[in-house]
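Residue numbers for the sequence shown follow the numbering used here, so the first one is 105 and each next one is one higher. A quick write-up on the structure given underneath.
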Amino acid sequence: MAAQPHASSRSPLPILPVITLLSTPASTAYNHALPVLVLAIYYASFNALVADPVSTLFYLAWPLAAFQAIFCVLCLPVSTRTSTSNTTSKSQSLSQSAAKSITARAKRGSAQPTLASKLAAALLSLTLTLSLSLPLLTILVILHGAPLTTHQPHTLLFGAHLALLTTPPLFYIHGIDSTAWRSLVSLSFAFDTVTGRAVGALVGAWLGAIPIPLDWDREWQAWPVTVVLGCVGGWALGGVVGATVGKEGVLSWEGIAADNIERPADSGDGDAGGIDLDMGTRGQKKVE
105 MAAQPHASSR
115 SPLPILPVIT
125 LLSTPASTAY
135 NHALPVLVLA
145 IYYASFNALV
155 ADPVSTLFYL
165 AWPLAAFQAI
175 FCVLCLPVST
185 RTSTSNTTSK
195 SQSLSQSAAK
205 SITARAKRGS
215 AQPTLASKLA
225 AALLSLTLTL
235 SLSLPLLTIL
245 VILHGAPLTT
255 HQPHTLLFGA
265 HLALLTTPPL
275 FYIHGIDSTA
285 WRSLVSLSFA
295 FDTVTGRAVG
305 ALVGAWLGAI
315 PIPLDWDREW
325 QAWPVTVVLG
335 CVGGWALGGV
345 VGATVGKEGV
355 LSWEGIAADN
365 IERPADSGDG
375 DAGGIDLDMG
385 TRGQKKVE
């Protein structure tokens, strides 16, 4: 008898829904002000960043972390998924339940958690960012060409800024839910303000590495000045694009409209490729 083909027991990854920001006046005002604040502190620190990248990046990380924590508290519905789950039923229904719960919590102002609980969740998000995202993103940057045997403080601090720009809101929304994070890594999510900023930061970091090997002999071409600035600029631009796309409900990485994402995905192999951050040898130029 011919052997029967083995059916895969792995459930398809769900498409994560659009993250709906809270609609309070404070939330709306801060969401619009945040990119301006972040761009302003990096612009004001440009000369110091060129002259002393290590000290400048270290001191800039503190207000950046504070800005992101305030964004989580004021603008995001707090996560109810704080632990991993491997059950098939949860994996299959995550997209539908997450979409409904996020939307409902964003619209019910009276049902919002207490300020203390939201602050605790924001601090936990920052802790997870520094303990999990920072080492992983730093290794990713090194694997794509950042200096390994030299400029370790520069690379580590750039990894910290990349982590702070990308993952605190994602930890705040999704907690440490393994299915949600597998969907994020495989780019199975709808595009919105939060995911747009994360993707924009990664793409901006890649584009920011382009000027480093050019023979312009400018001080700001030293590692990692242009990469940091590209990361910040991409983060701000990605948020604008994500807000527009999320509002219109016209794009997800799997080609599924965001306004149809409240029902379970009919398919979704969750494989849309990865963001290429290949920096080659562009990060090898030393700080003068």
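Glycine included, C-beta positions come from ideal geometry on N, C-alpha and C.
The DSSP-derived three-state label of Leu120 is strand. Judged by pairs of C-beta atoms under 8 Å, the region 240-249 does not touch the region 283-301, as fewer than three such pairs exist. Assignment of Phe295 by DSSP, reduced to helix, strand and coil, places it in the coil class. In this structure, the CA atom of Pro273 is about 13 Å from the CA atom of Val303. For Phe175, the number of other beta carbons within 10 angstroms of its own is at least 16, and it is reported as buried. Taking each of Tyr146, Val307 and Leu260 in turn and checking the Cα distance to Gly342, the smallest one comes out for Val307. In the structure shown, Arg322 falls within a coil segment according to DSSP collapsed to helix, strand and coil.
Around the beta carbon of Asp156, fewer than 16 other beta carbons sit within 10 angstroms, so the residue counts as exposed. Trp327: not part of any alpha helix (DSSP H); DSSP gives it neither H nor E.
Using a 10 angstroms sphere on the CB of Ile316, the tally of other CB atoms reaches 16 or more, which defines it as buried. Here the alpha carbon of Tyr146 sits roughly 8 Å from the alpha carbon of Leu164. By the Cβ rule, the region 325-337 counts as touching the region 260-278, because three or more pairs are nearer than 8 Å. Distance from the CA atom of Pro129 to the CA atom of Leu240, rounded to whole angstroms, is 36 Å. According to the DSSP assignment, His265 belongs to the alpha helix (DSSP H) that extends over Gln256 to Thr270.
Leu138 sits close to Phe171, with the two beta carbons spaced by under 8 Å.
Rounded to whole angstroms, the separation of the alpha carbons of Glu323 and Thr233 is 31 Å.
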